[in-house]
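At position 69 of the sequence shown the residue is numbered 69 (the UniProt record's numbering), and the sequence of numbers has no breaks. For each residue, glycine too, the CB sits at the ideal point set by N, CA and C.
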Amino acid sequence: MSASAEATVLITHEVGLHARPSVKFTKLAKSFAAEVEVAVAANGPWFDAKSIVKVMAAKAPKGTLLHIRARGDGAHEAVGALVGLVQRDFDEDRDHARSA
Numbered sequence: 001m002s003a004s005a006e007a008t009v010l011i012t013h014e015v016g017l018h019a020r021p022s023v024k025f026t027k028l029a030k031s032f033a034a035e036v037e038v039a040v041a042a043n044g045p046w047f048d049a050k051s052i053v054k055v056m057a058a059k060a061p062k063g064t065l066l067h068i069r070a071r072g073d074g075a076h077e078a079v080g081a082l083v084g085l086v087q088r089d090f091d092e093d094r095d096h097a098r099s100a
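Now the structure itself:
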């Protein structure tokens with residue numbers, strides 16, 4: 001039986017899941033072997049979290065509950081890492097602090 005994991009996280013980043021946040025999200029998702037999907041509604045539609053085009057097409061603004069699920073090797077780690085990234089506002093504050 002293949003490992004699977006799911007979680008829901010609130011997007012609090014001002015611009016939501018657009019441009020830079022989407023790039024960071026998909027880059028992190030690609031770092032895991034598991035199949036990772038994301039949706040803006042619990043019942044879907046589900047999008048490939050490793051596709052920047054599909055993630056940006058979700059048009060998830062601030063205040064959206066983002067649903068994340070993964071199947072396969074590293075599923076729990078993938079979901080945990082992606083939830084953490086969203087909770088940290090896609091590390092935007094750390095990026096701005098480094099460039100200041």
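Contacting residues, own chain, Cβ-Cβ under 7 Å from residue i (five flanking each side not counted)
i     : result
Glu65 : Going by the sequence as given, residue 65 is Leu instead of Glu. Contacts found: Thr8 and Leu10.
Asp48 : Glu37 and Lys54
8 Å Cβ shell around residue i - same chain, five flanking residues per side excluded
i     : result
His13 : Pro21, Lys62, Val86, Asp89, Phe90 and Glu92
Lys24 : Leu85, Phe90 and Asp91
Pick from the options that is closest to residue i, judged by C-alpha positions
i     : options                : result
Val15 : His76, Met56 and Arg69 : Met56
Ile68 : Ala19, His18 and Ala29 : Ala29
Residue span of the alpha helix (DSSP H) that contains residue i, given as start and end
i     : result
His76 : Ala75 to Gln87
Val23 : Ala19 to Lys30
Contacting residues, own chain, Cβ-Cβ under 6 Å from residue i (five flanking each side not counted)
i     : result
Ala78 : Phe32, Ala34, Val36 and Ala70
Ala5  : Ala70, Ala75, His76 and Val79
Straight-line Cα distance separating residue j from residue i
i     : j     : result
Val83 : Ile52 : 17 Å
Ala81 : Lys50 : 14 Å
Asn43 : Ala58 : 14 Å
Ala3  : Ala60 : 27 Å
Where the beta strand (DSSP E) containing residue i begins and where it ends
i     : result
Ile68 : Leu65 to Arg71
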